Amino acid sequence: MAYVIADPCIDIKDGACTLACPADCIYEGGRMFYIHPDECINCGLCLSICPVDAIHYDEELPEAARPFAAVNREFFGAEVSGLGDPGGWDKSVSVEADHPLVAARPKSRHQIA
Numbered sequence: 000m001a002y003v004i005a006d007p008c009i010d011i012k013d014g015a016c017t018l019a020c021p022a023d024c025i026y027e028g029g030r031m032f033y034i035h036p037d038e039c040i041n042c043g044l045c046l047s048i049c050p051v052d053a054i055h056y057d058e059e060l061p062e063a064a065r066p067f068a069a070v071n072r073e074f075f076g077a078e079v080s081g082l083g084d085p086g087g088w089d090k091s092v093s094v095e096a097d098h099p100l101v102a103a104r105p106k107s108r109h110q111i112a
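Numbering that gives the first Met the number 0 puts the first residue of the sequence shown at 0, with every later residue one more than the last.
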């Protein structure tokens with residue numbers, strides 16, 4: 000199982016999670032970060048440092064956030080970002096793409112990134 004980033008990250012993208020992640024499995028999209036489910040080692044460091052409580056263990060997702068398990072997984076597919084299995088994040092593998100569910104959300108006025 001893996002951790003999942005949900006909607007509180009949209010238009011916030013604080014980035015503290017990427018610095019804390021020892022597996023470098025958190026990747027940057029246009030409006031939010033996404034966790035690669037096959038690279039996540041379930042350490043929970045990202046969860047403990049996220050300032051907007053956007054990260055959840057996949058089996059403990061609140062009901063409203065459950066679609067984000069698929070959003071994080073599908074983000075890496077050819078239909079969304081095409082990243083596949085990049086093997087570790089750094090700025091060079093950041094993309095402007097977002098999952099369609101994220102892209103369809105209205106822009107937040109509380110944007111940090």
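Beta carbons: idealized from backbone N, C-alpha and C, even for Gly.
Predicted model only: the values in this text are computed from it and were never measured.
Which residue's Cα is closest to the Cα of histidine 35: Glu73, Gly43, Glu95, Pro99?
Glu73
To which residues does DSSP link phenylalanine 32 through a beta bridge?
Glu27
Given this structure, state the Cα-to-Cα distance separating methionine 31 from cysteine 49, to the nearest angstrom.
13 Å
Look at the alpha carbon of leucine 54 and the alpha carbon of tyrosine 2, and state the distance between them as a whole number of angstroms.
Per the sequence shown, residue 54 should be read as isoleucine rather than leucine. Cα to Cα, the separation comes out at about 7 Å.
Rounded to whole angstroms, what is the Cα-Cα separation between proline 21 and aspartate 97?
24 Å
Quick check on proline 85 - is its C-beta less than 9 Å from some C-beta in chain B?
No chain B appears in the structure shown, which is made up of a single protein chain.
Do aspartate 23 and aspartate 84 count as a contact pair if the criterion is CB distance below 9 Å?
no
Leucine 44: which of Cys16, Asp57, Glu62 sits nearest, CA to CA?
Cys16
Determine the direct distance from the alpha carbon of alanine 103 to that of valine 51, and round the result to whole angstroms.
21 Å
Could you spell out where the alpha helix (DSSP H) holding valine 3 opens and where it closes?
Unbroken run through valine 3 is the beta strand (DSSP E), 2–4; no alpha helix (DSSP H).
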